[in-house]
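Everything on this sheet refers to the single structure shown next.
4 protein chains.
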Amino acid sequence: MTPAKKGILERLDSGEVVVGDGGFLLSLEKRGYVNAGLWTPEVVVEHPEAVRQLHTEFLRAGANVMQTFTFSASEDNLESQWEAVNAAACDLAREVADRGDALVAGGICRTSMYKHHKDEAAIKKLFRLQLEVFMRKNVDFLIAEYFESAEEAVWAVEVLKESGKPVAATMCIGPEGDVHGVAPGDCAVQLVKAGASIIGVNCRFGPETSLKTVALLKSGLQNAGLKAHLMVQSLGFHMPDCGKGGFVDLPEYPFALEPRVATRWDIQKYARDAYNLGVRYIGGCCGFEPYHIRAIAEELAPERGFLPPASEKHGSWGSGLNMHTKPWVRARARREYWENLLPATGRPFCPSLSKPDASE
Amino acid sequence: MTPAKKGILERLDSGEVVVGDGGFLLSLEKRGYVNAGLWTPEVVVEHPEAVRQLHTEFLRAGANVMQTFTFSASEDNLESQWEAVNAAACDLAREVADRGDALVAGGICRTSMYKHHKDEAAIKKLFRLQLEVFMRKNVDFLIAEYFESAEEAVWAVEVLKESGKPVAATMCIGPEGDVHGVAPGDCAVQLVKAGASIIGVNCRFGPETSLKTVALLKSGLQNAGLKAHLMVQSLGFHMPDCGKGGFVDLPEYPFALEPRVATRWDIQKYARDAYNLGVRYIGGCCGFEPYHIRAIAEELAPERGFLPPASEKHGSWGSGLNMHTKPWVRARARREYWENLLPATGRPFCPSLSKPDASE
Amino acid sequence: MTPAKKGILERLDSGEVVVGDGGFLLSLEKRGYVNAGLWTPEVVVEHPEAVRQLHTEFLRAGANVMQTFTFSASEDNLESQWEAVNAAACDLAREVADRGDALVAGGICRTSMYKHHKDEAAIKKLFRLQLEVFMRKNVDFLIAEYFESAEEAVWAVEVLKESGKPVAATMCIGPEGDVHGVAPGDCAVQLVKAGASIIGVNCRFGPETSLKTVALLKSGLQNAGLKAHLMVQSLGFHMPDCGKGGFVDLPEYPFALEPRVATRWDIQKYARDAYNLGVRYIGGCCGFEPYHIRAIAEELAPERGFLPPASEKHGSWGSGLNMHTKPWVRARARREYWENLLPATGRPFCPSLSKPDASE
Amino acid sequence: MTPAKKGILERLDSGEVVVGDGGFLLSLEKRGYVNAGLWTPEVVVEHPEAVRQLHTEFLRAGANVMQTFTFSASEDNLESQWEAVNAAACDLAREVADRGDALVAGGICRTSMYKHHKDEAAIKKLFRLQLEVFMRKNVDFLIAEYFESAEEAVWAVEVLKESGKPVAATMCIGPEGDVHGVAPGDCAVQLVKAGASIIGVNCRFGPETSLKTVALLKSGLQNAGLKAHLMVQSLGFHMPDCGKGGFVDLPEYPFALEPRVATRWDIQKYARDAYNLGVRYIGGCCGFEPYHIRAIAEELAPERGFLPPASEKHGSWGSGLNMHTKPWVRARARREYWENLLPATGRPFCPSLSKPDASE
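Each protein sequence line maps, in turn, to chains H, V, W and U.
Under the numbering used here, the first residue of the first sequence carries the number 16, and numbering increases by one thereafter.
Under the numbering used here, the first residue of the second sequence carries the number 16, and numbering increases by one thereafter.
Under the numbering used here, the first residue of the third sequence carries the number 16, and numbering increases by one thereafter.
Under the numbering used here, the first residue of the fourth sequence carries the number 16, and numbering increases by one thereafter.
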């Protein structure tokens, strides 16, 4: 369908930066289509135009990947709806991807079952069901994401590898490691040995913490003499205070996270730091809106050689403000201004950090 | 076209709450379609699907008004494009309005010309050009918004009144009054005498400050023995520190406002306070995303007797969290929790307030 | 005893700045001699050396007034101890005052009785008992301070006037007026008509709020065609959030006020603002340590023509840091640095403002 | 001279808690007697009553040690004054110690010379000169404090050991180790091998960080199979953001540290945490006022079996507020209230943390 496009590994092997997409669950919750708490993607069937629009915005922002909106879309969460949801999500991702330079990635994530019954065969069967839809729809590559246990992530990679397509695997862990205490470096080794070509982290932690964890993944591979491409899709929220359990444990989750939202400048720094760490697949997760993805594409435009379509509507480092009528606003049209600004909250009772609720 | 729908004055006269829509400029800037600094709405022609989607989200959130996205769309800002933009914006608003219980409001705002030449005839001509499109497209009522001078707002109301349709007028002023020092109460009197049936404020100031200003408008009318419906469309940002000039003067404007974004709970409080003040047309301006509009509709559901469509995806006061797997997250599914939470920023160097840049 | 010294009115009438002293209760509580909650001055009998030392420090810091430490030292608070305490306090103040250019002021404050029985005769009798000691000890002038009701303050002034000595009167009110709703301007008029030559505010509110209240006192006198010298002795704490009841209602009172303590630079600003407002008797109350008083004397040294003794140990605007071994600390030895610094708390969970507890 | 008193090692060997004293430099700077920047103790000669008073306050607060105020009082800092200063400081400490259950500790600290010439013989000679005065004045034990290099600290211990008196040694280091990169555990080993019976840290870092460093000292000794008593005298300021160089590098040093001052409740927590870590010599350094020392003595009163004299003026956990006239202030007279309070600053522009200036 998109014969001329380079595959994901072709891009990464040649040193290209791949810009990932952002978060669907929280964005679409705010747009009125996803239920907070359940966090399931029925919207792809119920209101496909809303999903298509968000895909389109990420594409315009520079994303090279349209991940199918199939988070928690396995049979154990969605029951009989699961197949229709997975199929519709593939169609939407493909439709938009074909309008630009983007690949379609079929995504699976941790199961609800794992927590209660670590039944490898049953869990792999859940993964395989989704994979069958992805194969029928001919996605370009596969992502196993949001795993908090290396064991279940390995099972997912093993199933996805059966397809012969490239497999990326990201865990939602921080520097302290997985839910069973497996260190990030060891998780990395297990994922690569299971067949993942791209490994990294997604969700649960903010930009800085996520990059710390990726650095540990990287060292783990180096120490084991293994190689893989690195990937990061952090939260679009500042979370230095979130503890081992990640943002779910913070008192603001999920309905009062607003003061923690990253600015576009914070994300430019994240993109640059990721690049300097050797990460070449850089995207976002919950809290990443289209303009955050654009910030990645703009920060790395010098390396990539081009700007994304949505940059037509955005001068770099605020240069659009040059047209403002007030001189003190025009004075903000420069990099130093935004790089050094410490934004205020306008909330007189606002503390800087929260104490996480007790974690498992 | 929508014969069964009650008009704006019919609704307000009978005591109904009218839920306004939210902000297009900043939302669409973040989605990648509007240029910050210029803040003009060419997107209605260039990417109508993006505007249609945002209208749809506001409709689902409970908005009873689809305001045409014609901000700064007069000839002096858009040159030859102006007519196509105004026409397309009307069509988009009408298309979505017809899918629910919403009216179309044609919107005009202050001109760029006024600052340099207070030429009443020339400025009125600019307004009249837009009005002609609105009449051709048969909008349901008219809004003159974002005026910082009562004089220019009066000119706008006078032109709009020529149409015979109901006219609302909102100024972007705070409690200190308009740019020439006219007190809010006096602005109110001038607008009503010019023919506005609905008066209020929009933009530039946060929820609390905007309601303070509306209270002053109300007193002004009472003292003059005049009557009008009240309307408020505040920013979706906390701005207690913004000074007379409003949010434009704060150092975070427009690219680092994230920590100031209101939560849905803040907006429920705003909606309740507005209602208690006697305001019956309650919406938002810049920073108001669809979920903020939904918060207005949910807060006032007891008075209105129904919830908006998007509440299917949102239990009141976080009740959707009842399904969460972690007990300490389930414990957040209650009103007291969110009403009393002081959200943190996750930014260790974040102050609560900023000092505005020098203002005109 | 100090024949050469100019009296308080002689100084003020000739336009001199009189530097007041600071707070005894909270300073001596922290030094281990005063009981928080009771706030009574038995220490003058029990540990006179501690009180002498604090007087000495204020004298060295530039204070021109040694106020007797007789706060709440009336018979209704101290019972049989009252006379010994008043006498000892006078002796200590005189002893230190005689070592420098300072006057002794006998101080009385609101009674406990007033709240329960507004018995003018009984309350005046309590005042008169203290006054008799002050006369016997021949203090230089008298201060009625910390009154929350204009009525009781007037009674105090009337009693003190019987002595023939100059009388100063300060109330512990904010811009909203006294406990019965008497506006500051009206309080001022009543105090001057009762015979006070110097009026102002002390305690309960921070520097900025206290000066706002003094401005209202000043206007009240001007509107009434009356004249008096102005005096201010604010808290040494930042209290913009304290509400009508003052600092007592803030949750941090009295054992967690540390983050609110003013820096010496804050106090220099206070001294300058007070001077510009026309206040010529400038001192402090609770939270004013000796270095805060020195900051007043240093800020107004150009007007007064001399520095206080303790400035031997303190270069202006941090110039002593010129001797520091580290260059980045030496770089702090200048006015712009300290004037513009926004000090941090080192407390990651620290909000900027508190909500006052319910007030009477 | 004080034959009945138990020596420092006798106390520690038997498991007693020894309460140290607090900071002289910053306290006496605020009282008007010490020059910030130079930080030298001429005040013991110039104004002995001020030093005597501060010693007395620490004694009343429960301190078991009167450290001679001889910080930076070596010949290379004070020139010809050095001998008079050391002698006077010993006399003052002894005079006050003899009024209670306190020992006199002669104190030396790092030299200015070390930074420029690491001349062991010359530096040891400077130490020996001070030691001769201490021996003549017959202090009870010796403290080598505020060393940033283990090498120089070892030289100091070696000299002090010549006296035959017990030697304590504290370094002003954080968890990252000394100025040459020697880890805390290794510093500990070197100090004990040189002859120190008590080791620990003082100054430069806040309570929490100081205890982290002491934990590292303790592990270092355990790993080396060595034993010593542990000691901590942290700053009375919150400094989580101070970096390797300690508080000197923070922009607020030394004239805007007010918002960082620890409350008495913070210090009770510090005392308890220190005790639980096995530290038995617990005192403070800069920023520790008498009431902070009292907080140590009160927190550990159950273990020690008695309260200090100054607790006559201080009910535990705010119980003195039981006498307050306002019910909402009386409601603060309990442990839970103060333990859980997050104090505000009253400074709307106040951030929680600072960025240290560049460090050497």
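Beta carbons: idealized from backbone N, C-alpha and C, even for Gly.
Keep in mind that this is a model prediction, so the values were computed, not measured.
Pick from the options that is closest to residue i, judged by C-alpha positions
i        : options                                   : result
U/Arg350 : U/Ala359, U/Glu313, U/Gly320 and U/Phe364 : U/Glu313
U/Ala120 : U/Ala136, U/Ile138 and U/Asn101           : U/Asn101
V/Cys124 : V/Leu357, V/Asn153, V/Gln82 and V/Arg114  : V/Gln82
V/Pro274 : V/Gly293, V/Ala168 and V/Met254           : V/Met254
U/Asn92  : U/Leu206, U/Ile138 and U/Cys105           : U/Ile138
U/Ala183 : U/Gly115, U/Gly361 and U/Val247           : U/Val247
H/Ser178 : H/His195, H/Cys202 and H/Asn153           : H/Asn153
H/Ala348 : H/Arg362, H/Met338, H/Gly333 and H/Gly260 : H/Gly333
U/His339 : W/Asp28, W/Val263 and W/Ser164            : W/Val263
V/Pro366 : W/Leu357, W/Ser369, W/Pro371 and W/Lys370 : W/Leu357
H/Arg75  : H/Val204, H/Pro305 and H/Tyr352           : H/Pro305
H/Asp134 : H/Glu166, H/Leu118 and H/Ala112           : H/Glu166
W/Val174 : W/Arg143, W/Val32 and W/Asp116            : W/Arg143
V/Lys45  : H/Gln96, H/Ala277 and H/Phe156            : H/Ala277
U/Val111 : U/Met128, U/Val80 and U/Phe86             : U/Val80
Interface flag, residue i vs chain V, CB-CB below 8 angstroms
i        : result
U/Ser367 : yes
U/Asp364 : Just to set this straight, residue 364 of chain U is Phe in the shown sequence, not Asp. Answer yes: the Cβ-Cβ gap between U/Phe364 and chain V drops below 8 angstroms somewhere.
H/Glu1   : In the structure as shown, chain H starts at 16 and stops at 375, and residue 1 of chain H therefore has no counterpart that could be examined.
H/Val294 : no
Within-8 angstroms CB hit, residue i to chain U
i        : result
H/Glu31  : no
H/Leu357 : yes
W/Glu273 : yes
W/Gln68  : yes
W/Phe270 : yes
W/Glu304 : yes
Beta carbon proximity, residue i to chain W, threshold 8 angstroms
i        : result
U/Gly221 : yes
U/Met338 : yes
U/Glu167 : no
U/Thr224 : no
U/Met254 : yes
U/Ala104 : no
Three-state secondary structure (DSSP) of residue i
i        : result
V/Ser95  : helix
W/Val216 : strand
H/Gly333 : helix
W/Thr85  : coil
W/Tyr161 : strand
V/Ser42  : helix
H/Met186 : strand
W/His131 : helix
V/Phe262 : helix
H/Phe270 : coil
H/Leu141 : helix
### Message
List, from N- to C-terminal side, the beta strand (DSSP E) runs of 3 residues or more that fit wholly inside the region 281-330 of chain V.
### Response
296-299
### Query
At what residue ranges does the region 207-253 of chain V contain a whole run of the beta strand (DSSP E), taking only runs of 3 or more?
As summarised for the region 207-253 of chain V, the continuous beta strand (DSSP E) elements at least 3 residues long and confined to that stretch are 213-217 and 244-249, given in chain order.
### Query
In the region 41-54 of chain V, which residues sit with their C-beta less than 8 angstroms from some C-beta in chain H, listed in chain order?
Glu44, Lys45, Arg46, Gly47, Tyr48, Val49, Asn50, Ala51, Gly52 and Leu53
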